[in-house]
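Enquirer: Under this note's numbering, the first residue of the sequence shown carries the number 1, and numbering increases by one thereafter.
Each residue gets a CB set at the ideal place from its N, CA and C atoms; glycine is no exception.
Input: one structure, supplied below.
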Amino acid sequence: MSKAGRTRDPEQRIRDIGRAAAELIAEAGVGALTHRAVAARAGVAVGTTTRYFSTIDDLRRHALEYLAAEVEDDLEEIRRGLVDAPDPASYLATAAAEGFRDRGAVLAECSLAYAGLFEEDLRELSLRWFTGLTEILTPYFGSASSEVMTMCLDGAGIHTALTGTPPTSTRLEAVIRALATLPDDDASNSDLTDEGPTP
């Protein structure tokens, strides 16, 4: 059980509540989020969760912000790894494959992405992984290739979450190397973002 119930540090309690709520969302979806369930997971009284987060929407947003902060940590790790990597494609494939083997992390990232589908005020949080990874990869692969690589890795994450079968680093590396050959001109970039081909 968490030590949250035995500490008087309000910031620590808030972190423990955020972690517990994030874990519940990742394991069972947003519908599983209740003050009582979060309190039980965090090891605090129900009144403690309602004191800091009076509504379930406040609690959910805090949980998603907690997940987004974890995404930022993951992105920073990738950023540092690429700096020292002799082969960026190989490094990215290995790092992605390792990440996909962590089912909890995969479910958390999928839950964060799903949150922005129907609620515009959560869209920025949901896109943090996509925009952050694209930005990190661009100096190594160019903007067009980086954008499509991130799209493919997002899709691989969803597939992994649904099937429980992560892709191998060998397969990921083959895809990354193929996508690295995309031309990086203005026409290619517009093709990636347009709703459809120009008649």
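Between E109 and V71, how many whole angstroms is the CB-CB distance? I'm expecting something under 8 Å.
Expert: 7 Å
Enquirer: Going by C-alpha to C-alpha distance, which of I136, T50 and G164 sits closest to G81?
Expert: Comparing Cα positions, the closest option is I136.
Enquirer: Apply the 10 Å Cβ neighbour rule to E173 and answer buried if 16 or more other Cβ atoms are within range, or exposed otherwise.
Expert: buried
Enquirer: Would DSSP call G29 helix, strand or coil?
Expert: coil
Enquirer: For T160, which residues from the same chain have a beta carbon less than 6 Å from its beta carbon, with the 5 sequence-adjacent residues on both sides left out?
Expert: Cβ neighbours of T160 beyond the five flanking positions: F100, V106 and P166.
Enquirer: Quick check: the Cα distance between A85 and L75, rounded to an integer number of angstroms?
Expert: 15 Å
Enquirer: Roughly how many angstroms lie between the CA atoms of D73 and A144, to the nearest whole one?
Expert: Distance from the CA atom of D73 to the CA atom of A144, rounded to whole angstroms, is 24 Å.
Enquirer: Compute the Euclidean distance between the alpha carbons of E98 and E124, then round it to the nearest angstrom.
Expert: One Cα belongs to E98, the other to E124, and the distance between them is close to 26 Å.
Enquirer: What separation, rounded to the nearest whole angstrom, lies between the Cα atoms of V38 and T48?
Expert: 10 Å
Enquirer: With respect to the alpha helix (DSSP H) encompassing P88, which residues constitute its N-terminal and C-terminal limits?
Expert: Boundaries of the alpha helix (DSSP H) around P88: P88 to F100.
Enquirer: From the DSSP output, in three-state form, read off A180 for me.
Expert: coil
Enquirer: If I follow the unbroken alpha helix (DSSP H) through S146, where does it start and stop?
Expert: S143 to T163
Enquirer: Under the three-state reduction of DSSP, which class applies to G5: helix, strand or coil?
Expert: Note on G5: pLDDT 43, under 50, position unreliable in the model; no value is reported.
Enquirer: To the nearest angstrom, how far is the alpha carbon of R51 from that of L24?
Expert: Distance between the alpha carbons of R51 and L24: 19 Å.
Enquirer: Would F118 be called buried (16 or more neighbouring beta carbons within 10 Å of its own) or exposed?
Expert: Label assigned to F118: exposed.
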